[in-house]
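Following: one structure in structure tokens, then a few remarks.
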Amino acid sequence: MLRFALADSPPPPAVGESCLRRSLRRATCRACVDNCPADALTVTGEGAALNDELCLRCGRCLFVCPVGAIAHLEPPRRHTLAQRLIAPFTAIAPDINELLLWHVQHHIRGVDIDLDEHPHWGLAIAALNLKLRELDEPAWQIFPPQLASLDRGRRRLSGVEKGVSVEVEPLSKAFPQYQQFTLQLDPERCVACAACSRVCSPKALVLEAGAFALDARQCTGCKACEAVCPVDAIRIVPETRKAGAIVHPLFETSCLACSRPFYAWHPQTSLCPICRQHHHGMR
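The UniProt record's numbering applies: residue 1 is where the sequence shown begins, and numbers increase by one.
So, in structure tokens, the structure goes:
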């Protein structure tokens with residue numbers, strides 16, 4: 001008797017361990033939850049969770065998660081011809097971040113689409129063009145469908161049938177000359193503890209060697225820095241502008257009370273942040 005081996009089913013989409021809500025108690029990220037059209041993603045006490053039975057595989061969460069925590073989910077395959085997206089179209093329009101990657105990676109500049117049949121795509125492209133204006137990039141155009149009369153064989157020969165997808169990457173990589181967020185630091189509150197620097201994976205915040213460097217080009221908007229700052233000295237604000245970096249000089253000194261080294265904003269500072277919060281002899 002012949003037996004056929006069944007291929008293992010792929011694991012269902014899930015939220016991985018890199019989700020900030022799994023590791024940072026004060027994390028506030030809701031990017032995937034707020035962008036899911038099927039309410040398949042929710043926030044629990046253990047982090048974000050994905051309900052496979054509700055998931056539509058639209059991929060919107062892939063393009064908005066700032067830390068790439070969505071696992072076992074592929075970006076949707078779409079069809080292109082002559083720098084345009086063409087039919088068939090998904091019922092759910094792409095997220096603007098996905099469309100920006102089509103703009104950069106595949107040089108797409110328009111869509112052959114009937115907006116009466118796909119009104120949500122029209123809204124997505126309008127939002128995209130507003131963003132492209134901020135990035136000094138050419139806008140996308142809407143064209144009437146051109147391939148409705150092509151048979152399946154001609155579509156295959158044209159390279160249309162299979163479809164392609166974009167590589168998921170942060171906009172900081174796709175548009176390195178622009179920053180998508182502004183890092184607002186309050187030096188009057190900051191105690192230079194370096195907690196934000198330690199949790200910032202893309203190195204938008206680096207505190208070392210007597211300097212505090214803020215490179216907004218690298219910021220993905222995850223707000224991990226906000227979650228760990230003990231004095232609420234930093235804010236991440238969405239803002240598209242020409243990229244820039246700021247370096248604040250710090251002074252390395254020793255605390256007169258506990259003798260431990262620490263960084264200070266002013267050379268005259270004599271007590272470390274911990275000792276400044278305690279009365280003499282009460283530590």
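Even for Gly, the Cβ is constructed at its ideal location relative to N, Cα and C.
query: Can you find at least 3 beta carbon pairs, one from the segment 56-73 and one from the segment 251-268, that sit closer than 8 Å?
result: no
query: Can you tell me where the beta strand (DSSP E) with Glu252 in it begins and where it stops?
result: As a working note, residue 252 is residue 252 in the sequence shown. That run of the beta strand (DSSP E) goes 251-254.
message: Beta-carbon within less than 8 Å of Glu169's beta-carbon, same chain only, minus the 5 sequence neighbours each way: which residues are those?
response: Locating residue 169 in the sequence shown gives position 169, counting from the first residue. If we look at Glu169 and ignore the five residues flanking it on each side, its Cβ neighbours are Leu101.
field: Contact set for Pro12: own chain, Cβ-Cβ below 7 Å, skip 5 residues either direction
entry: Here the question's residue 12 lines up with position 12 in the sequence shown. Result list for Pro12: Asp52, His72, in chain order.
task: Report all residues from its chain with a CB closer than 7 Å to the CB of Leu271; omit the five preceding and five following residues, and keep chain order.
output: Taking the first residue of the sequence shown as position 1, residue 271 is located at position 271. The answer, listed in chain order, is Cys255, Leu256, Ala257.
query: Lys242 bridges to which residues according to DSSP?
result: Taking the first residue of the sequence shown as position 1, residue 242 is located at position 242. Note: Lys242 sits in a beta bridge opposite Tyr178.
- request: Report the rounded CA-to-CA distance for Gly45 versus Gly221, giving the unit in angstroms.
  value: Counted from its first residue, the sequence shown places residue 45 at position 45. Counted from its first residue, the sequence shown places residue 221 at position 221. Taking the straight line joining both Cα atoms gives about 22 Å.
- request: Say whether the segment 27-43 touches the segment 139-147, bearing in mind that this needs 3 or more beta-carbon pairs closer than 8 Å, one atom from each stretch.
  value: no
field: Counted within 10 angstroms of its Cβ, other Cβ atoms place Ser172 as buried (16 or more) or exposed
entry: On the sequence shown, residue 172 is found 172 positions in, with the first residue counted as 1. It counts as buried.
- request: Can you tell me which of Ile70, Ile108, Ala194 puts its alpha carbon nearest to the alpha carbon of Gln83?
  value: Within the sequence shown, numbered from 1, the residue matching residue 83 stands at position 83. Nearest option by C-alpha distance: Ile108.
- request: Under 8 Å Cβ to Cβ from Gly110, same chain only, skipping five residues before and after it: list those, please.
  value: Here the question's residue 110 lines up with position 110 in the sequence shown. Excluding residues within five positions, the ones whose Cβ falls inside 8 Å are Gln83, Arg84, Leu85, Trp140, Gln141, Ile142, Phe143.
field: Proximity to Val191 [Cα-Cα], best of Arg217, His248, Lys162, Ala204
entry: In the sequence shown, the residue the question calls residue 191 occupies position 191. Nearest C-alpha to Val191: His248.
field: Extent of the continuous beta strand (DSSP E) run through Asp112
entry: Start at 1 with the first residue of the sequence shown, and residue 112 comes out as number 112. Segment 110-112, the beta strand (DSSP E) holding Asp112.
- prompt: Exposed or buried, which one is Ile246 when buried takes at least 16 other CB atoms within 10 Å?
  reply: To locate residue 246, count along the sequence shown from 1; it is residue 246. Counting Cβ neighbours within 10 Å, Ile246 comes out exposed, since fewer than 16 surround it.
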